[in-house]
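Worksheet: the structure to be examined is printed underneath.
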Amino acid sequence: MTDSAGLFIRGLTKTYANGIRALSDVDLDVPPGLYGLLGPNGAGKSTLMRTLATLQAPDCGEIRLDGLDVRAEPDHLRRRLGYLPQQIGAYPGVSGYDLLTRFSWLKGRTDARTRRAEIAALLERVNLTEAARRPVATYSGGMLRRFGIAMALIGAPRLLIVDEPTAGLDPAERNRFHRVLSEVASEAVVLLSTHIVEDVENLCARLAILAAGRIVVEGTPRELTARLEGQLWAQVVPRGEALSEAASASTVHLAAVPNGTLAVAQAPEAPSGDFVAHRPRLEDVYHVALAEAGVSEAAA
Ligand SMILES: Nc1ncnc2c1ncn2[C@@H]1O[C@H](COP(=O)(O)OP(=O)(O)OP(=O)(O)O)[C@@H](O)[C@H]1O
Ligand SMILES: [Mg+2]
Numbered sequence: 014m015t016d017s018a019g020l021f022i023r024g025l026t027k028t029y030a031n032g033i034r035a036l037s038d039v040d041l042d043v044p045p046g047l048y049g050l051l052g053p054n055g056a057g058k059s060t061l062m063r064t065l066a067t068l069q070a071p072d073c074g075e076i077r078l079d080g081l082d083v084r085a086e087p088d089h090l091r092r093r094l095g096y097l098p099q100q101i102g103a104y105p106g107v108s109g110y111d112l113l114t115r116f117s118w119l120k121g122r123t124d125a126r127t128r129r130a131e132i133a134a135l136l137e138r139v140n141l142t143e144a145a146r147r148p149v150a151t152y153s154g155g156m157l158r159r160f161g162i163a164m165a166l167i168g169a170p171r172l173l174i175v176d177e178p179t180a181g182l183d184p185a186e187r188n189r190f191h192r193v194l195s196e197v198a199s200e201a202v203v204l205l206s207t208h209i210v211e212d213v214e215n216l217c218a219r220l221a222i223l224a225a226g227r228i229v230v231e232g233t234p235r236e237l238t239a240r241l242e243g244q245l246w247a248q249v250v251p252r253g254e255a256l257s258e259a260a261s262a263s264t265v266h267l268a269a270v271p272n273g274t275l276a277v278a279q280a281p282e283a284p285s286g287d288f289v290a291h292r293p294r295l296e297d298v299y300h301v302a303l304a305e306a307g308v309s310e311a312a313a
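Quick note on numbering: the sequence shown equals residues 14 to 313 in my numbering.
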């Protein structure tokens, strides 16, 4: 397994100086393609991504990229890494073009002609050619995200790590962003973290759900929804009415709908006559996984 393509992670554990254990014994195999990392706030997604990007050291564990030991040879990974952090820093006054040029230098693109050609192609790819000479500080949220991906793609990374890239994007920007990620995923390992289940459902060949620092579920969207086949029941509880005690005991998820509250329950048979069979979706997988892991979503 260790000599296969992609990311290989075993026993990865990370404790912060304040005693918070953000990752506990994480095992993960991430093949080339688009891989989704789902989890609620505080689950450890950014911690995992920063650790993989070699920005912080784990307590213990093994990380390999295409068979190569990342902790022993971090520079090997860094040359092959594109990382888009959850928060992008501000660079007042510097234009997008100049910033890309600086990053390109840092990545070792010292030949001016290669550098210019790569930057022009990247700007085109993320649709920022026209805005390239404007200061980055004047970009909208969507433009900044696209600019971030252009920065992360300098040097044609083998591993692209993007931490909640679609938060705050309008639907058109989100689509554009997804298209770029899918393209990149045809030739690289792309790890995408999000709490938007829909993003993963539509885009990712495989996914893992992280809760309280542990991987609780891993597989393809289809496999994971198939596991819940025949186990889910739904009822719309009209506004002002309450679920029976028996029904609420098996309820894994409540969502507001226009005429009341949709309750989704997990049970071998319908908890009451008001429930009808519910076809599992990835969102249900997510809620069931968190409930099984004992992670309270209300507290997250
Ligand atoms: N630098 C740090 N020092 C101490 N604790 C930290 C630090 N960074 C994160 N944590 C803690 O580690 C846990 C995991 O945080 P992390 O940021 O990895 O979660 P996340 O899944 O990325 O959450 P979000 O969806 O909110 O971005 C949390 O309990 C958080 O408070
Ligand atoms: Mg995060």
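Each residue gets a CB set at the ideal place from its N, CA and C atoms; glycine is no exception. All of these numbers come straight from a predicted model, not from anything done at the bench.
The three-state reading of DSSP puts Gly-243 in coil, since its state is none of H, G, I, E or B. Under the 8 Å Cβ criterion, the region 63-77 does not count as touching the region 183-193, having fewer than three qualifying pairs. Burial is judged here by how many other beta carbons sit within 10 angstroms of a residue's own beta carbon; Trp-118 has fewer than 16 and is exposed. Taking 9 Å as the cut-off, the Cβ atoms of Ala-163 and Tyr-152 do not count as close.
As the crow flies, the alpha-carbon of Gln-279 is around 13 Å from that of Thr-238.
Taking non-hydrogen atoms of ligand 1 into account, the C-beta of Ala-56 is found less than 8 Å away from one of them. Excluding the 5 residues flanking it on each side, Pro-45 has same chain C-beta neighbours closer than 7 Å at Ala-18, Gly-19, Ala-201 and Val-202, in chain order.
Around Val-289, the same chain offers Trp-246, Ala-247, Gln-248 and Ala-283 as residues with beta carbons nearer than 8 Å, after the five sequence neighbours per side are excluded. In this structure, DSSP gives Lys-120 a state outside helix and strand, which the three-state scheme calls coil. The region 32-91 is shown to contain whole beta strand (DSSP E) runs of 3 or more residues at 34-43, 46-51 and 73-78, in chain order. When the beta-carbon positions are compared, Ala-180 and Ile-174 stay at least 9 Å from each other. No residue range can be given for Glu-200, since it is assigned to no beta strand (DSSP E) and is classified by DSSP as neither H nor E. Distances from the CA of Phe-21 to each of Arg-147, Arg-146, Leu-41 and Pro-234 were compared; the closest alpha carbon is that of Leu-41.
Taking a C-beta distance under 9 Å as the contact criterion, Lys-120 and Gln-69 do not qualify as a contact pair.
Judged by DSSP in its simplified three-state form, Ala-163 adopts helix.
For the pair Asp-297 and Leu-216, the CB atoms are not nearer than the 9 Å cut-off. When distances are taken from the beta-carbon of Gln-99 to the heavy atoms of ligand 2, the shortest one is below 8 Å. Distance from the CA of Arg-23 to the CA of Pro-170, rounded to the nearest whole angstrom, comes to 22 Å. The closest heavy atom of ligand 2 lies less than 8 Å from the beta carbon of Asp-176. Spanning the alpha carbons of Thr-233 and Pro-87 requires a straight line of approximately 30 Å. Where Arg-219 is concerned, the enclosing beta strand (DSSP E) starts and stops at 219-224. Closest by C-alpha distance to Leu-295, out of Leu-112, Ser-285 and Val-277, is Val-277.
Thr-207 is not a Cβ neighbour of Gly-95, given a cutoff of 9 Å.
Secondary structure within the region 250-289: the alpha helix (DSSP H) runs of 4 or more consecutive residues, fully enclosed, are 258-263 (chain order).
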